[in-house]
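Novice: As numbered in the numbering used here, the sequence shown has no gaps in its residue numbers, which increase by one up to the final residue, 1103. I'd like to ask some things about the structure below.
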Amino acid sequence: MNVSTFSVDEEKINNLTNLFSEFIHLIERKVRLTSVQSSVIICDSREVEETINRNLLQVENDRELANKNLERSSTFLTEALDAIQNVSYILEKVDPLQALLENATEQLEYHRGILARLNPRYIQKFVIPAADHAEHLSQQATYLSNLFSATKTASQFPLLAAKVYDDIINLIESAEHIAKNAYTTADRAFYEADPKIQDSISNQAIVLRKRSKNLLINSTGAKEKVQGRQDILSNQRKTINQINEDIKLIVSSLADFKGDLDALPRNIGDRLHDSEDMHKNIKEKMSALHSKIEMLTDDINTELYPKLDGLRIGSSAGLFNVTKTIDLAKGTINKAVKKANNVETRVGRVKTLNNQMQLSLRDLKNKILLARQKTSNIRVSLSADSSGICVRSFGPEIEPTSTSSIVLHYSVKTDAKDSLLLFLASSVTEDFMIVEMVNRKIRFIWNAGGGSQVIQHNLTIETNDEQLLKDDRWYKIEVNRFGNVATLSVKPTPFGQRNDPYAVTGASPAGYSKMDLDSESFFYIGGTPKGYRVPRELKARNFAGCLSEVVLEGKKVGLWNFITNQGCDGCKEGAAEEADFTAYSFRGDGYAILPQIKRYKRRSYVVTLRFKTFDEDALLFFAPNIQNGDFVSLELRDGYIVYQFNLGSQSRSVLKTNQKYNTGNWVRLAAERENLQGRLAVEDEYHDGQLPANSPSTMELQKSFLYYGGVPPNFTINLWSGITFQKYFGCMKDLQIDSTPLDLLQNSSFGVEASCKDAPQKSVGFRGSGFIEMPGVPLNQEASFSFSFQTMRDSAVLLLSTFDSGKNFESKRPDYYSVAIVNGFIESRFDGGNGEAVIESNKTYNDGNYHTVTVIKTHRKVVMRVDDEEVGSDRLPKGSKDIDAPPQRGLYFGGFREGIEYSSMLSTATPLFGTIKDVIFNNKILYFSNPVDFKGAGIGRTQKEWFGAEPPYAGIVQPLERCSEMASYNQEKRAVNFGDELFSHAKVPIGRKDFVHDFNVTFDLRTYYPNGLIALVKNGHISPVSHFAIMLLGGRAVINLYDRKARRVSNPSYLNDGNWHH
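Printed below as a string of structure tokens:
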């Protein structure tokens, strides 16, 4: 054999061996790595699959839980009925105990009278006057004897004189006998009273006194037992109330769950079935993929590695098999990667469908709300059917409060004398209100916890004609209750706005003012709920006549929107009250929509109107073009009037007054545009503005709608940044576009009524940054005040009366009184100049429900009651009689002005986020219609109606249909601009100790955008990541802070108005 040839072959074998080694390493590096990656992807896919399966299982568990909750609610209802029966049994036991106590009291009074009659003053009262009378008779006898002494010498009358003298002597003897008897009687009475023996009257009196004392002790014990049983009864009532609350919560949760299910799209079941089928297919494909990968792994371990080992000593055929196996593995891995990508894509589709479904639900809710608003304008009158039957029940939109208001418009065309008009009763307590007609007289019956009270108006209800055409035979029945005082007024409807000189007033027992009526109460017209124990004062049982309108707590009741109905028929709409039909009132949740005027001019536009309101922020007028962004708007911002119009993409003019005009007085306003020129005229204030010369000179609003006072729920407000869409509460009149007068009720409207009624305002809503100041009210020796409030804040100012005005005030008198929420508890403070009295509640009241605080001052004693229950009392120091107050100012609600030294008068300075209403001082209601000053306060509103339950922080932002063009800004020195490019930001280095304990961050910003990140500070090296973020959500500033626990703080004011904010 040739050595050189052998050496060459050996070299080829070595090269081949090296190649095989590289192939093996290549397979180890790439094939195994790809296999591991595919295994990781498969594991992730399995986690997604498990998550989907868990979600499906959770849906099934929720369904089972809902069924269990239904069963539990039935059990709770049964237990509640048993508890009510137990309470009735206990109440029946209390009545005999009360009768026993009254009998013992009568016996005690009887024995007290006996002791009073045996008083030692008996001689002074009876014996001595008798002796004086005898002495007087003796003096008269002597006088008569002297008169007749001359007759002794008269011869013509000797017998008569002798007889008279004999009579006089007899009278004297009789008088002496009477005197002796009187003395003997007095002496015997004294001896009987105190003969120094055991059975004397005095001893008997002592025994009787001891017995009366024992009876008093026994009666006191019986009273304590009754009080104890009343406490037990009260606890059981609280337990029943809690059970009822739980039942209400369960029913509400079930109703919400049912509403959410009903609100889902109709094809949601098909979508879920499709998703389930898709998930099954994915699961099957993943199982097949997993099997293939396992087979591939087995093939690699059982076939590939042995073949590779054989290749180490094999030929080129083995190399071909390796290449083929590698290609097969790559193909399998590519398929696995594609399937994993498909899984991720389908998961993304599911998330997209979920977001779309949530957006659809929000749109559906807006449509439902819009439908309800449109149906609210339906007016239906109510009468009995041909058989004389009409009973309807409704869902009352009311809350527990210490004041009530009911208005009925009623007429009758038959000879019926009695009619049950309205029945409203609590489903938990004995509180109720009833309006009925008995013998053609209107009666009001109510019970606020202290027993039934009845008042009756003297006006006789006259019979109308068959068609109910006589307006003066329609009657406006009005009931107003303030605390424990109720007033009933009955007037012919055409004169409904006039005062009733014959109005009657009645009062329930003091200390019972809150009426526990809510949305779960029984509300009936023409009848009562089955099984309800009606009060014996109720006389009418059926409905007769025609009821055209019912207003409960200032809100109209849709007589068509009933829950249950029995009988009933329709009748003629009632007569109208005297009204100014050129004016319109907005109740704070409505709007009016009109078409554009026919003679619209593209180059000029004039809007004129008069308004009066207390609103600080509200939309007065808005005319938009959704296609190109042109618009005209008139708004109130912080009390200032702002006029805006937009021409084209970058041409916006903004004019703002220098004075505030939310004073509650009529204000004349005119806003004009002529080509590029704008003018705003408000009373005696004028402002002009000019757009750039290159701006369009025409405004395309000929197809636009005109919105007054607000916009409907389905209006997309996200397209219009920098505009206040807060609903308007107040009045408007003399509305005109160019020279065309407008009627707000001719097209579509909600919450708008003809005429402007100067109704006194009883409520104020606060959004956590303001106050309202009223004239001061002193607390004299006998005084009282009460108010209702609602909040969920831990601490807040409710009421403060002080001489401190925060300025250079003229008096530094220390008199003050205050009520505040401190850590959920109610704290009240009083100081008449000689020291402080403090009262604190023993439980919290910041639960978001309405609670009534009553303070009663009697000389130096001060008592605080909450919800008609005494929670504490205290006494002012000696020398304190009255608590004085400034007559023109100084009574604050919800907060106070800056500069007031509050530390000695209040334990907190936090402004209220909530509502205060129904303020009563000394049995006179305090109206908020004439405030001294206010800020951040919605007069006439409640916090929930005005601002919502809590400031909205986050949620799904509805996608915009188009990008809204922003107006161009002037260049500002030492300012930076963000948002012109995607992901624009600035990174600022900070020290490690800058954000450790105490720190502050200040900056100025302006924007029209409602959402965006302003600043973010985080530590990425610690898990979980601690961070501090400032952002805009819904136009409001929100601070997120996470350091061991998450915290969030928000500012209720809108910042996306294009102005600088600090």
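We put the CB at the ideal spot given by N, CA and C, even for glycine.
Taking buried to mean at least 16 other C-beta atoms within 10 Å of its own C-beta, is Asp1084 buried or exposed?
Specialist: Asp1084 should be labelled exposed.
Novice: Which of the three DSSP states is assigned to Met833 in this structure?
Specialist: Of the three classes helix, strand and coil, the one that applies to Met833 here is coil, per DSSP.
Novice: With the cut-off set at 7 angstroms, would you say Lys580 and Val479 are in Cβ contact?
Specialist: It is a contact, given that the beta carbons lie within the stated cut-off.
Novice: Out of Glu614, Thr470, Leu839, Thr899, which one is the CA nearest neighbour of Thr1169?
Specialist: Outside the shown range of the chain (42 to 1103) lies residue 1169, about which nothing can therefore be said.
Novice: Based on the DSSP secondary-structure assignment, which residues constitute the bridge partners of Tyr968?
Specialist: Paired residue(s): none; Tyr968 is not in a bridge.
Novice: Taking the alpha carbon of Val591 as the point to measure from, which residue in Tyr573, Gly567, Pro576 has its own alpha carbon closest?
Specialist: Measuring from the Cα of Val591, the nearest candidate turns out to be Gly567.
Novice: Let me check understanding here. Comparing Cα to Cα, which of Pro576, Thr470, Cys609 lies closest to Leu588?
Specialist: Ranking Pro576, Thr470, Cys609 by Cα distance to Leu588 puts Cys609 first.
Novice: Do Gln497 and Leu482 come within 7 angstroms of each other at the CB atom, strictly closer than that value?
Specialist: Looking at the sequence provided, one finds Lys at residue 482 rather than Leu. It is a contact, given that the beta carbons lie within the stated cut-off.
Novice: Applying the criterion that 16 or more other CB atoms from any shown protein chain within 10 Å of the CB defines a buried residue, is Asp908 buried or exposed?
Specialist: When all chains shown are included, Asp908 counts as buried.
Novice: Identify which residue in Arg678, Ala1056, Phe746 has its Cα closest to the Cα of Gly763.
Specialist: With distances taken between Cα atoms, Gly763 lies closest to Arg678.
Novice: Using a 10 Å radius around the Cβ and a threshold of 16 neighbouring Cβ atoms, would you call Ala624 buried or exposed?
Specialist: Ala624 is buried by the Cβ-count criterion.
Novice: Within 10 Å of its beta-carbon, does Asn59 have 16 or more other beta-carbons around it, so buried, or fewer, so exposed?
Specialist: Result: exposed.
Novice: Between which two residues does the beta strand (DSSP E) harbouring Lys517 extend?
Specialist: Counting along the chain, the beta strand (DSSP E) containing Lys517 begins and ends at 516-523.
Novice: If the criterion is Cβ atoms closer than 7 angstroms, does the pair Ile897 and Ser825 meet it?
Specialist: Against a cut-off of 7 angstroms, the Cβ pair of Ser825 and Ile897 comes out as a contact.
Novice: Tell me the rounded alpha-carbon separation between Gly524 and Tyr543.
Specialist: Answer to the nearest angstrom: the Cα atoms are 21 angstroms apart.
Novice: Taking contact to mean at least 3 C-beta pairs separated by less than 8 angstroms, is the segment 941-959 in contact with the segment 794-813?
Specialist: Segments in contact, yes.
Novice: Report the rounded CA-to-CA distance for Ala990 versus Leu1046, giving the unit in angstroms.
Specialist: Here the model assigns Ala990 a pLDDT of 41, short of 50, so the residue's position is not dependable and the matter cannot be decided.
Novice: What separation, rounded to the nearest whole angstrom, lies between the Cα atoms of Pro972 and Arg982?
Specialist: Roughly 15 angstroms between the two C-alpha positions.
Novice: Within this structure, are the beta carbons of Gly792 and Arg628 separated by less than 7 angstroms?
Specialist: Taking 7 angstroms as the Cβ cut-off, Gly792 and Arg628 qualify as a contacting pair.
Novice: When you compare each of Tyr702, Leu760, Ser562 to Asn1107 by their alpha carbons, which one comes out closest?
Specialist: The requested residue 1107 does not occur in the structure, where the chain is confined to residues 42 to 1103.
Novice: Assess contact between the segment 422-429 and the segment 597-613, defined as three or more Cβ pairs (one per stretch) separated by less than 8 angstroms. Is contact present?
Specialist: Segments in contact, yes.
Novice: For the beta strand (DSSP E) holding Val760, just list the boundary residues, first then last.
Specialist: Strictly speaking, residue 760 in this sequence is Leu, with Val absent from that position. That residue, Leu760, is in no beta strand (DSSP E); it is neither H nor E in DSSP.
Novice: Let me check one thing: in DSSP terms, what residues is Thr116 bridge-paired to?
Specialist: Beta-bridge pairing links Thr116 to no other residue.
Novice: Do you know how far the Cα of Lys642 is from the Cα of Phe464?
Specialist: Taking the straight line joining both Cα atoms gives about 56 angstroms.
Novice: Sorted by chain position, which residues of the same chain lie with C-beta nearer than 6 angstroms to Phe975's C-beta, five sequence neighbours on each side aside?
Specialist: Contacts found: Ile813.
Novice: Excluding sequence positions up to five away, which residues of its chain have a Cβ less than 6 angstroms from the Cβ of Ser869?
Specialist: Contacts found: Val860, Ile880, Met905.
Novice: Between Gly935, Val391, Ser452, which lies nearest to Ala617 when the distance is taken from Cα to Cα?
Specialist: Residue Ser452 is the option with its Cα nearest to Ala617.
Novice: Can you look up Phe603 in the DSSP assignment and give me helix, strand or coil?
Specialist: It is coil, neither helix nor strand.
Novice: List the DSSP bridge partners of Val752.
Specialist: Val752 pairs with nothing; no bridge assigned.
Novice: Within the continuous beta strand (DSSP E) that includes Ser589, where are the two ends?
Specialist: Here the beta strand (DSSP E) through Ser589 covers 587-593.
Novice: What are the start and end residues of the beta strand (DSSP E) that includes Arg693?
Specialist: Arg693 -> beta strand (DSSP E) spans 693-697.
Novice: Below 8 angstroms, can you find three or more Cβ-Cβ pairs linking the segment 926-945 to the segment 768-777?
Specialist: Verdict: no, contact absent.
Novice: By Cβ distance below 7 angstroms, which residues in the same chain neighbour Ile1055 in space, the five residues on each side in sequence not counted?
Specialist: Result list for Ile1055: Leu1046, Ile1071, Met1072, Leu1073, in chain order.
Novice: In or out: Met336 buried (at least 16 other Cβ within 10 Å) or exposed?
Specialist: Label assigned to Met336: exposed.
Novice: Could you pull the DSSP bridge partners for Ala633 from this structure?
Specialist: For Ala633, which the question treats as bridged, DSSP gives the partners Tyr749, Ser790.
Novice: For Gly889 versus Met833, is the C-beta spacing smaller than 7 angstroms?
Specialist: Yes, the pair counts as a contact, with Cβ atoms nearer than the cut-off.
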